[in-house]
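Before any comments, here is the structure.
Residue numbers (our numbering), protein chains in the order written: chain A, 1 to 289; chain B, 1001 to 1289.
What follows is the structure in structure tokens.
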């Protein structure tokens, strides 16, 4: 199966799992908004969970709640990031954002409940022994909270009022939280489900997460808004420093390619079995959305 | 020790635990806002955790992260409920709300990170075996998400645009989510930490949670805003149905007193050892804030 087919199959499985879980919730607008926000997307983070789990001999059925958990957490972060008081975006994955389609209160609440759902999914006994599930809870909390995504988003907002563009080190730190933390958790998850050492997956994810964000900055400059499904050129218009403004377009492309090589090399302990994860790393810098 | 002294001691312990955990986080404004939002309050929910744990022979040191977890979750719900797009409150516990003291983005993010913290705290090995900690994660998720607090808050917001006041059944369902769910989780937590049956504590908490909310509605009418530390008479001014508007002041007082009796009776299996929890139930309808 080609990489794109594998990614599509994983996305469909995760989509179905999340839809099934949400069908069991009360039929109220906030749950509709959760389902709406959790639909679509590439499911790259969930794919990393399924593939890293497969590498450790974990069956897809055990990894699926974990993959759905990272996608629920990702969806929560997007709904809150899109709010008027944050990035104020009207379009996401080609559709109106939650606060535009419903209202701000529903955006806040649907995001809140999607974060809760991410932790709830990790309690599923099908994942395996309780100590592994608790390790996943601790790892997700690190990725999500004031040391991870919330820190990254807070630094991003602070940068807008800093009165000067960020340096390369500052942007790297910001993105390590904002995008990198959940990518790292997702890639490590397979090892955590299996009770194995996540060191190699962690090194892979660190390099790949940064490549992913550089690619995002490149897409913001060169991309097609219709394909991306969201507003582009926002950073340049806002005069924000990005990897492209700091490294130049060619410099950013080179740096991203080097990081993908680094990510692939980190998977050496897994040999050929990790080819799908290597393709995922290459995909991060070739994607159009 | 008197009930008030026990409650005060519990509050101080929880306060110190939360402050210690937050001191380990990055020194950024959003973490300051988390610490600010997590300060103060009666800590009644945390007290329920510590007392229900003591009933089951659990040492305070093992119950403290669980008590701190429910208080972090409670603080998150207050910060988000106070946002302009929700209840739009400027005062909480006698102090400016987070979005007033900082800004809306910080309010959203600090609330988000406090929810994460609530789950993170449950991963602490000091609580006990991993299967007990996972049971707590599942229980907290039920209390917090689209079947619990988020559902209650969504129903509350929907009621404002319903064009008619809610019925008694509707208000009871709304409050079961908004206030009741976390009180139930808090009271059951002691049994969950011990791996025991939470049925008696659950019945206690169901009655007490409703009494608590009726008392809140009474305080909204008869209370002193300075003692309450927040704006009062908001419900009456908004023409919202409350237990007082539906049952009358005396009827509401009688119903709350009956529920407290019911809560106390549910603790019969624990005998005299549960006296402190009975006092907590009586306290819910005698408090001034």
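Glycine is no exception: its CB is placed at the ideal position from the N, C-alpha and C atoms.
Exercise for review: Quick one: list the residues of chain B neighbouring residue 83 (chain A), beta-carbon separation under 9 Å, in chain order.
Suggested key: 1085, 1104, 1105 and 1108
**Study point:** Complete alpha helix (DSSP H) runs within the segment 112 to 187 of chain A (minimum length 4 residues, chain order)
**Key:** 130 to 144, 149 to 160 and 168 to 175
Exercise for review: Measuring only between beta-carbons, confirm whether residue 1075 (chain B) sits less than 7 Å from chain E.
Suggested key: The structure shown has no chain E; the protein chains it does contain are A and B.
Check your understanding: Distance, Cα to Cα, residue 16 (chain A) vs residue 1101 (chain B)?
Key -> 42 Å
Exercise for review: Report the residue from A:65, A:204 and A:38 whose alpha carbon sits nearest the alpha carbon of residue 93 (chain A).
Suggested key: A:38
Review point. Along the chain, where does the alpha helix (DSSP H) that runs through residue 264 (chain A) open and close?
Key: 243 to 266
Check your understanding: Using the beta-carbon count (16 or more within 10 Å), is residue 1224 (chain B) buried or exposed?
Key -> exposed
Review point. Below 7 Å between beta carbons: does that hold for residue 1128 (chain B) and residue 1193 (chain B)?
Key: yes
Practice item. Could you say which of B:1219, B:1078, B:1271 and B:1044 lies nearest to residue 983 (chain B) if we only look at CA atoms? Key: The requested residue 983 (chain B) is not part of the displayed model; chain B covers only 1001 to 1289.
Point to revise | Contact set between the segment 1031 to 1055 of chain B and chain A, restricted to residues whose Cβ is under 7 Å from the partner | key: 1031 and 1034
Review point. Near residue 205 (chain A), what residues of its chain come up, given a Cβ to Cβ distance below 6 Å and the 5 sequence neighbours on each side ignored?
Key: 183, 184 and 187
Exercise for review: Please report how far the alpha carbon of residue 1355 (chain B) lies from the alpha carbon of residue 1066 (chain B), in whole angstroms.
Suggested key: The structure shown does not extend to residue 1355 (chain B), since chain B is modelled only from 1001 through 1289, so no value can be given for it.
Practice item. Determine the DSSP secondary structure at residue 1027 (chain B), reduced to helix, strand or coil. Key: coil
**Study point:** Cβ shell of residue 1289 (chain B) (< 8 Å), same chain only, five flanking positions each side left out
**Key:** 1042, 1219, 1223, 1227, 1228 and 1229
Point to revise | the segment 1170 to 1179 of chain B / the segment 1048 to 1058 of chain B touching (three or more Cβ pairs under 8 Å) | key: no
Practice item. Look at the alpha carbon of residue 258 (chain A) and the alpha carbon of residue 1073 (chain B), and state the distance between them as a whole number of angstroms. Key: 42 Å
Practice item. Would you tell me roughly how many angstroms separate the C-alpha atoms of residue 14 (chain A) and residue 189 (chain A), rounded to the nearest one? Key: 15 Å
Check your understanding: Taking C-beta to C-beta, are residue 993 (chain B) and residue 1109 (chain B) nearer than 7 Å?
Key -> Chain B is shown only over 1001 to 1289; residue 993 (chain B) falls outside these bounds and no answer can be derived.
Point to revise | Residues that residue 1213 (chain B) bridges to, as DSSP identifies them | key: Its beta-bridge partners do not exist; DSSP assigns none.
Practice item. Work out the CA separation of residue 1169 (chain B) and residue 1078 (chain B) for me, nearest whole Å. Key: 24 Å
Review point. Which chain B residues are close to residue 130 (chain A), counting only those with a beta carbon under 7 Å from its beta carbon?
Key: 1130, 1131 and 1134
Practice item. Taking only runs that begin and end inside the segment 1064 to 1109 of chain B, name each unbroken alpha helix (DSSP H) of 4 or more residues, in chain order. Key: 1098 to 1101
Exercise for review: Starting from residue 116 (chain A), find everything on chain B with Cβ-Cβ shorter than 8 Å and list it in chain order.
Suggested key: 1115, 1141, 1144, 1145, 1146 and 1150
Review point. Taking Cβ positions only, does residue 26 (chain A) come closer than 7 Å to chain B?
Key: yes
Review point. Considering only C-alpha positions, which residue in the set B:1150, B:1142 and B:1130 is nearest to residue 137 (chain A)?
Key: B:1130
Practice item. Compute the distance between the beta-carbons of residue 285 (chain A) and residue 181 (chain A), then report whether it is under 7 Å. Key: no
Exercise for review: Consider the Cβ of residue 1070 (chain B): report whether some Cβ of chain A lies at a distance smaller than 7 Å.
Suggested key: no
Check your understanding: Residue range of the alpha helix (DSSP H) that residue 238 (chain A) falls in?
Key -> First-last for residue 238 (chain A): undefined, no H or E at that position.
Practice item. State yes or no: is the beta carbon of residue 66 (chain A) nearer than 7 Å to at least one beta carbon in chain B? Key: no
Check your understanding: When the cut-off is 7 Å and only beta carbons count, does residue 1157 (chain B) lie next to chain A?
Key -> yes
Exercise for review: Counting only the same chain and skipping the five closest in sequence on each side, list residues whose C-beta sits under 7 Å from that of residue 1018 (chain B).
Suggested key: 1038, 1068, 1071 and 1072
Review point. On the premise that residue 179 (chain A) lies in contact with residue 217 (chain A), defined as a C-beta separation below 8 Å, what is that separation, rounded to the nearest angstrom?
Key: That belief does not hold up - the Cβ atoms of residue 217 (chain A) and residue 179 (chain A) are roughly 11 Å apart, past 8 Å.
Check your understanding: The alpha helix (DSSP H) spanning residue 1046 (chain B) covers which residue range?
Key -> 1044 to 1055
Review point. Relative to the alpha-carbon of residue 1051 (chain B), which residue among B:1021, B:1076, B:1003 and B:1034 has its alpha-carbon at the smallest distance?
Key: B:1003
**Study point:** CA-to-CA distance, residue 1165 (chain B) to residue 1244 (chain B), given in whole angstroms
**Key:** 13 Å
Exercise for review: Return yes when the Cβ of residue 1151 (chain B) is within less than 7 Å of the Cβ of residue 26 (chain A), no when it is not.
Suggested key: yes
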